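In what follows, a structure is listed as structure tokens, so that the remarks can point back to it.
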Amino acid sequence: MMLPAILAASALAFDAGADLRIRQEIMDNVPGLPGGGNLSRAVAGKGKNQMRFRPRVWGDLKAWENFRLYARLADEFRWNVHPKNHSSAFPDELILDNLFVDGTGLFDGVFDFRIGRQDIYNLYGLDHVFVDGTPGDGSRTVYSDVVRFGFAFDEEDRLDVFALHNDDFGGIRWGTRGSRRHISSRYAASDVDYDEWGGGAVWSAKAFGLDYKIFAASKKTEHDGDTEVAGLKLLPKFTEELSGDFEAMAEDDGEWSAYAAVNWKDSGEGAIKPFAGAGVHFLSEDWDPMWSRGVNYSEVFLYGSHDGVAWWSNMIYLQLSGGLDLGRHHRIGASTGPMFAANNDGLGGGDGEFKGLLSQARYDFPLLTAGEDGRFEIFGHVYAELFNPGDYYASDRPAWFLRWQVEFRF
116 MMLPAILAAS
126 ALAFDAGADL
136 RIRQEIMDNV
146 PGLPGGGNLS
156 RAVAGKGKNQ
166 MRFRPRVWGD
176 LKAWENFRLY
186 ARLADEFRWN
196 VHPKNHSSAF
206 PDELILDNLF
216 VDGTGLFDGV
226 FDFRIGRQDI
236 YNLYGLDHVF
246 VDGTPGDGSR
256 TVYSDVVRFG
266 FAFDEEDRLD
276 VFALHNDDFG
286 GIRWGTRGSR
296 RHISSRYAAS
306 DVDYDEWGGG
316 AVWSAKAFGL
326 DYKIFAASKK
336 TEHDGDTEVA
346 GLKLLPKFTE
356 ELSGDFEAMA
366 EDDGEWSAYA
376 AVNWKDSGEG
386 AIKPFAGAGV
396 HFLSEDWDPM
406 WSRGVNYSEV
416 FLYGSHDGVA
426 WWSNMIYLQL
436 SGGLDLGRHH
446 RIGASTGPMF
456 AANNDGLGGG
466 DGEFKGLLSQ
476 ARYDFPLLTA
486 GEDGRFEIFG
496 HVYAELFNPG
506 DYYASDRPAW
516 FLRWQVEFRF
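Per the working numbering, numbering of the sequence shown is gapless, rising by one per residue and ending at 525.
Shown next as structure tokens:
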């Protein structure tokens, strides 16, 4: 009779919490039509001003040292200041944002797994393959339904395999009559379902002191066929402060991409740590971004593709960045650089390949930390983006995006 009580007391630990994100977004002259309608050609769009409110609640059950069950529910409703509409008024819809089971360090640390709905941002450290599984719902979620297994052969060599599914209309959710047709993966503004499936493998290891990853993945989309990609990522560390990131990928239809960056960050003991970086990213004309359809490079261009939301392709982007890391939730950063089309496809209406100059600035700031172990936190950020178009576009009007955000966690 005592065994169940002992197991319950020593083997199980439960935690729960919630967060609330409040943000305002104002934009003008961005490519495409932000916030609805057809995903048009990359031409001057409409201005928009909206308030967004995203509450979430979560529960986390841990069993012994190796197993975990995590669940999270989310909603997001908006006040569309301009143009006025009530397409996502409270309560809009309740989304099963996360529900997965973890097993880690099994069989003497050789095997682990995660099965269920989970965030895929920067999965396996491949930020040009995995960013957002649900770009069509406007960054309120980034999940995919994933089964993944990992095998650690030693401290440096590891094999990960995965399979995923994205439901174009969100899957498990409960909403109002107006919310039931919200598109999640958003290949195009259409009533046709564009569900997608995928899978692949990632080998992570070290050779001659150099961390590297070899990976391959396949994506199948309803009505659009298959895309397969293979790539290599090198992560050299030149000094304690200077590191590199070099990546090359090729798809089965001959499309390819390449990325190279060098980053520096002060490793001193001071509270203020400056950082800087320089990089270039090439994406061929018909490149399929797989699941990296997010705001990893720009909010302005989120709706600026005829292929779907955040469909990054046909781009050469040179970027310089820098800033100061001031502590937890406290950071100043900025970047700027020219953007070119790998090939003038005519979508911008201009006669050249120079898309324009993209500049960004962001300030993250803490507001309050309180409670046991700093459990209650309030923090926020302000973010601005300016795009000055080049001869790729018919319009010379700058596009801009501005956001402020405050988030509460407890």
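Ideal Cβ placement from N, Cα and C applies to all residues, glycine included. Note that the structure is predicted; figures quoted are calculated from it, not measured.
**Request:** Check the C-beta distance from G471 over to M454 and give it rounded, since I have them as a contact under 8 Å.
**Result:** Counted from its first residue, the sequence shown places residue 471 at position 356. Counted from its first residue, the sequence shown places residue 454 at position 339. At roughly 6 Å, the Cβ-Cβ gap stays under 8 Å, so G471 and M454 are in contact.
**Request:** Pick helix, strand or coil for F222, following the three-state DSSP scheme.
**Result:** Mapped onto the sequence shown, residue 222 falls at position 107. Of the three classes helix, strand and coil, the one that applies to F222 here is helix, per DSSP.
**Asked** Residues bridged to M430 by DSSP?
**Response** The residue labelled residue 430 in the question sits at position 315 within the sequence shown. L398.
**Message:** Within 10 Å of its beta-carbon, does D269 have 16 or more other beta-carbons around it, so buried, or fewer, so exposed?
**Reply:** Residue 269 sits at position 154 when you count from the first residue of the sequence shown. So D269 ends up on the exposed side.
**Prompt:** Quick one: what's P504 bridged to in DSSP?
**Reply:** As a first step, residue 504 must be located in the sequence shown, where it is residue number 389. Answer by DSSP bridge pairing, in chain order: G471.
**Prompt:** So, do the region 272–280 and the region 308–325 have three or more beta carbon pairs nearer to each other than 8 Å?
**Reply:** yes
**Request:** Could you give the DSSP three-state label for Y239: helix, strand or coil?
**Result:** Taking the sequence shown and counting its residues from 1, the one referred to as residue 239 is at position 124. Looking at Y239 - three-state DSSP - the assignment turns out to be helix.
**Asked** Hey, V261 and W406: beta-carbon distance below 8 Å or not?
**Response** In the sequence shown, residue 261 corresponds to position 146, counting from 1. In the sequence shown, residue 406 corresponds to position 291, counting from 1. No, the Cβ-Cβ distance between V261 and W406 is not below 8 Å.
**Asked** Can you tell which of A332, A514, R138, Y236 has its C-alpha closest to the C-alpha of G248?
**Response** Position 133 of the sequence shown, counting from 1, holds the residue named residue 248. If we check each option's Cα against that of G248, Y236 comes out closest.
**Item:** Of the listed residues R229, N503, A499, nearest to M142 (C-alpha basis)
**Value:** Here residue 142 refers to the residue found at position 27 of the sequence shown. It is A499.
**Prompt:** G465 by DSSP, collapsed to three states: which one?
**Reply:** Here the question's residue 465 lines up with position 350 in the sequence shown. Coil.
**Message:** With a threshold of 7 Å on Cβ separation, who are the neighbours of A375 within its own chain once the five nearest residues in sequence on each side are excluded?
**Reply:** On the sequence shown, position 260 is the one that residue 375 refers to. Here the set comprises F361, G394, V395.
**Asked** Among residues of its own chain, excluding the 5 on either side of M166, which ones have a beta-carbon nearer than 7 Å to its beta-carbon?
**Response** For the purposes of this step, residue 166 is identified with residue 51 of the sequence shown, where counting begins at 1. Taken in chain order, the residues that qualify are Q139, R193, W194, V196.
**Message:** Suppose contacts are defined by Cβ-Cβ distances below 8 Å. Is N459 in contact with Y412 by that definition?
**Reply:** If you number the sequence shown from 1, residue 459 lands on position 344. If you number the sequence shown from 1, residue 412 lands on position 297. It is not a contact, given that the beta carbons lie outside the stated cut-off.
**Asked** Are the beta-carbon atoms belonging to V537 and A363 less than 8 Å from one another?
**Response** An answer regarding residue 537 cannot be provided, because it is not within the stretch 116 to 525 covered by the chain.
**Item:** Separation of L221 from R187, as counted between CA atoms
**Value:** Counting from 1 along the sequence shown, the entry for residue 187 is found at position 72. Counting from 1 along the sequence shown, the entry for residue 221 is found at position 106. Roughly 25 Å between the two C-alpha positions.
**Message:** Going by beta-carbon coordinates alone, are S214 and G231 separated by less than 8 Å?
**Reply:** For the purposes of this step, residue 214 is identified with residue 99 of the sequence shown, where counting begins at 1. For the purposes of this step, residue 231 is identified with residue 116 of the sequence shown, where counting begins at 1. This sequence places Leu at residue 214; Ser is not what is there. Taking 8 Å as the Cβ cut-off, L214 and G231 qualify as a contacting pair.
**Asked** Which first and last residues belong to the beta strand (DSSP E) in which W371 is found?
**Response** Translated into positions along the sequence shown, residue 371 becomes position 256. It spans 371–380 - the beta strand (DSSP E) in which W371 sits, taken as one unbroken run.
**Residues that DSSP places opposite D227 in a beta bridge** = Locating residue 227 in the sequence shown gives position 112, counting from the first residue. G265.
**Message:** Considering Cα atoms alone, identify which of R518, G132, S259 is closest to Q475.
**Reply:** Position 360 of the sequence shown, counting from 1, holds the residue named residue 475. Nearest of R518, G132, S259 to Q475, Cα basis: R518.
**Request:** Grab me the residues of D234's own chain with a C-beta within less than 6 Å of its C-beta, minus the 5 sequence neighbours each way, in chain order.
**Result:** Counting from 1 along the sequence shown, the entry for residue 234 is found at position 119. Cβ neighbours of D234 beyond the five flanking positions: V257, Y258.
**Prompt:** Near R136, what residues of its chain come up, given a Cβ to Cβ distance below 6 Å and the 5 sequence neighbours on each side ignored?
**Reply:** Translated into the one-based positions of the sequence shown, residue 136 becomes position 21. If we look at R136 and ignore the five residues flanking it on each side, its Cβ neighbours are R169, E522.
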